[in-house]
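> Shown below is the structure under consideration.
2 protein chains.
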Amino acid sequence: MAAFDVLRAFLQARGALTEDELAFIETLFVPRTLRGGDFLQRAGDVSNYVAFIAKGILRSYSIDDKGNEHIVQFAAETYWLGDSASLTTGAPSQFFIQALEDSDLLLLDRPGHEKSMRVPAYADGFRMGVLRHTAAKDRRIVAALSASAEERYLEFLQTYPSIVTRVPQFMLASYLGISPETLSRIRKSLSRPKRGRGRGGSLPGDKNQSR
Amino acid sequence: MAAFDVLRAFLQARGALTEDELAFIETLFVPRTLRGGDFLQRAGDVSNYVAFIAKGILRSYSIDDKGNEHIVQFAAETYWLGDSASLTTGAPSQFFIQALEDSDLLLLDRPGHEKSMRVPAYADGFRMGVLRHTAAKDRRIVAALSASAEERYLEFLQTYPSIVTRVPQFMLASYLGISPETLSRIRKSLSRPKRGRGRGGSLPGDKNQSR
DNA sequence: CGCGGGTTTGATGATGCTCAAGCCCGGTGG
DNA sequence: CCACCGGGCTTGAGCATCATCAAACCCGCG
């Protein structure tokens with residue numbers, strides 16, 4: 006399926022747009038393909054667009070003063086990826102955005118974004134999407150601050166089952182804020198819950214305690 | 006200063022609005038005052054408005070299955086507070102919103118929000134604000150996942166110096182995702198850095214290590 | 001067939017939580 | 001006016017979780 010068809014399907018799924026509106030919206034996007042490993046953007050760049058992912062999967066991450074990578078987000082088909090900070094301030098970005106597989110994107114630059122807002126149904130969809138996104142971030146913050154490494158992993162499995170299999174384990178660990186070793190151990194312990202038949206639930210020494 | 010004046014000042018500071026536009030916007034908000042301790046909203050409520058804080062300070066928090074509180078956000082003068090999740094889905098909220106001091110708010114409900122978007126300069130400001138907000142959440146996520154308790158505390162001091170003195174310590178601890186005991190110890194260790202004269206900087210046993 | 005990146009496994013230690021007292025201080029009622 | 005709360009903050013001791021360091025392992029690829 007061509008990139009624009011994916012976008013079309015996405016837009017139609019969440020709001021009634023006329024054919025004219027769809028056609029207009031499409032003129033605002035610029036297609037772009039990336040090979041696995043390619044960068045859409047590097048820290049220091051001033052990048053002023055948002056990407057809609059028609060195919061593939063990307064990560065955005067930062068590198069702190071100590072040289073450690075921190076994955077902020079994964080994004081796969083029909084997700085959007087952009088650099089909010091750089092978009093608001095116009096300042097150079099702090100983030101790297103890299104394709105993890107061969108990917109097809111549609112890029113929307115700032116002027117394009119402004120124009121797209123003239124289509125009311127699209128603007129509404131945009132605001133809804135942003136709110137949903139914000140809610141997801143709130144949940145992640147609470148999880149990061151209060152859940153154990155294992156809980157965070159399980160939650161990720163539930164929330165993004167399709168992504169787990171497509172990213173290397175050490176990146177998942179980085180996203181979850183745990184070391185690769187710890188993630189490896191967690192998976193091991195989950196895979197052999199011994200315990201009677203099926204379900205695997207109810208761990209033996211379950212503390213049922215938060216931190 | 007009356008609540009509407011605060012809003013006016015806020016809006017004018019970040020975008021040129023005509024007197025007519027300002028007047029129109031103001032008709033959309035409903036004032037509300039709260040005493041310290043009062044709730045604007047409780048989990049289970051379906052609340053469909055966003056609050057602009059003209060005076061005072063509020064917290065939003067959730068309570069997990071184990072009964073632990075998690076503070077998602079503090080918000081003081083000229084900040085906005087709302088429940089993104091509940092706003093998008095219309096589903097009952099997961100969050101409590103409580104005033105920590107006597108506070109003056111201006112509430113904007115959903116229809117009001119839609120109408121306000123008709124003022125282009127206001128809509129632009131709204132989008133900018135949302136993006137800025139998103140960027141802040143990204144930073145907090147990275148910090149939560151990778152910084153030590155002390156680093157998170159210091160970052161909070163820097164970012165929200167005015168809030169630190171206005172909220173009880175155990176709530177700050179909850180926001181930072183650490184236990185009240187740990188926060189107490191961190192403050193103690195920061196207050197007596199022994200070390201030469203003044204400034205208190207350059208910790209003695211600084212590890213300069215991430216986790 | 002050997003290399004190299006990613007994953008696993010083990011041992012050790014630090015960070016920060018829990019539980020349990022004690023303390024400080026502002027408010028209330030005798 | 002003062003004794004007595006009670007909530008929040010502090011302090012201490014022990015312990016769980018998870019990071020770090022180091023080595024072995026696995027496997028696709030040149």
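In order, the protein sequence lines correspond to chains A and B.
The opening residue of the first sequence carries number 6 in the numbering used here; numbering runs sequentially from there.
The opening residue of the second sequence carries number 6 in the numbering used here; numbering runs sequentially from there.
Idealized CB from N, CA, C, for every residue including glycine.
Smallest Cα separation from tyrosine 165 of chain B: which of B:Met6, B:Phe44, B:Glu82 and B:Ile191?
Checking every option, the nearest Cα to that of tyrosine 165 of chain B belongs to B:Glu82.
> Would DSSP call glutamine 99 of chain B helix, strand or coil?
Coil at glutamine 99 of chain B, not helix or strand.
> Taking only the alpha-carbon atoms, compute the straight-line gap between alanine 18 of chain B and aspartate 10 of chain B and give it to the nearest angstrom.
Each residue's alpha carbon lies about 12 Å from the other.
> I want to see whether chain B comes within less than 7 Å of leucine 177 of chain A, judged by CB atoms only; does it?
Answer no: the Cβ-Cβ gap between leucine 177 of chain A and chain B never drops below 7 Å.
> So is glutamine 103 of chain A buried or exposed if we call it buried at 16+ other beta carbons inside 10 Å?
So glutamine 103 of chain A counts as buried.
> Does any CB atom of chain A fall closer than 7 Å to the CB of threonine 83 of chain B?
Taking Cβ atoms only, chain A never reaches closer than 7 Å to threonine 83 of chain B, which makes this a no.
> What separation, rounded to the nearest whole angstrom, lies between the Cα atoms of arginine 132 of chain A and valine 147 of chain A?
For arginine 132 of chain A and valine 147 of chain A, the distance between alpha carbons rounds to 23 Å.
> Taking any Cβ of chain A, which residues in the region 141 to 174 of chain B have a Cβ under 7 Å from it, in chain order?
Cβ contacts with chain A come from Lys142, Asp143, Arg145, Ile146, Val147, Ala149, Leu150 and Ser151.
> Taking the C-alpha atoms as reference points, what is the distance between phenylalanine 34 of chain B and alanine 8 of chain B?
Answer to the nearest angstrom: the Cα atoms are 10 Å apart.
> With respect to the beta strand (DSSP E) encompassing alanine 56 of chain A, which residues constitute its N-terminal and C-terminal limits?
Segment 54 to 60, the beta strand (DSSP E) holding alanine 56 of chain A.
> Write down the C-beta distance between threonine 38 of chain A and serine 108 of chain A rounded to the nearest angstrom, noting that I regard them as a contact closer than 8 Å.
Threonine 38 of chain A to serine 108 of chain A, Cβ: 7 Å. Contact.
> How would you list, in chain order, the residues of chain B whose beta-carbon sits under 8 Å from the beta-carbon of serine 67 of chain A?
Going along chain B in sequence order, the residues near serine 67 of chain A (Cβ under 8 Å) are Val147.
> Please determine, among B:Ser179, B:Gly182 and B:Glu156, the residue with the shortest C-alpha to C-alpha distance to serine 194 of chain B.
If we check each option's Cα against that of serine 194 of chain B, B:Glu156 comes out closest.
> Please list, in chain order, all residues of the same chain as arginine 123 of chain A whose beta carbon is under 6 Å from its beta carbon, the five residues on each side excluded.
Cβ neighbours of arginine 123 of chain A beyond the five flanking positions: none.
> Let's test the definition: count the other Cβ atoms within 10 Å of the Cβ of arginine 47 of chain A and tell me whether it reaches 16, buried, or not, exposed.
The residue in question, arginine 47 of chain A, is exposed, as its Cβ has fewer than 16 Cβ neighbours within 10 Å.
> What's the call for arginine 145 of chain A, buried or exposed, on a 16-neighbour Cβ count within 10 Å?
Label assigned to arginine 145 of chain A: buried.
> Would you check if there are 3 or more beta carbon pairs closer than 8 Å linking the region 75 to 89 of chain B to the region 168 to 184 of chain B?
Touching, yes.
> List, in chain order, every chain B residue whose beta-carbon is nearer than 9 Å to that of alanine 126 of chain A.
Near alanine 126 of chain A there are no residues of chain B at all, since even the closest Cβ is about 12 Å away, more than 9 Å.
> Could you list which residues in chain A have their beta carbon closer than 7 Å to that of leucine 136 of chain B, in chain order?
Those are Ser89, Leu92 and Thr93, listed as they occur along chain A.
> Quick one: is glycine 42 of chain B near chain A, going by C-beta distance under 7 Å?
Not closer than 7 Å to any Cβ of chain A, the Cβ of glycine 42 of chain B fails to qualify, so no.
> Pick out whichever of A:Arg137, A:Tyr127, A:Val169 and A:Phe44 has its Cα sitting closest to the Cα of arginine 13 of chain A.
Considering only alpha carbons, the answer is A:Tyr127.
> Could you tell me which chain B residues have their CB closer than 7 Å to the CB of methionine 133 of chain A, listed as they occur along the chain?
Ordered by position in chain B, the residues that pass the 7 Å Cβ test against methionine 133 of chain A are Thr93.
> For chain A, check one thing: does any of its Cβ atoms lie closer than 7 Å to the Cβ of glycine 20 of chain B?
Not an interface residue.
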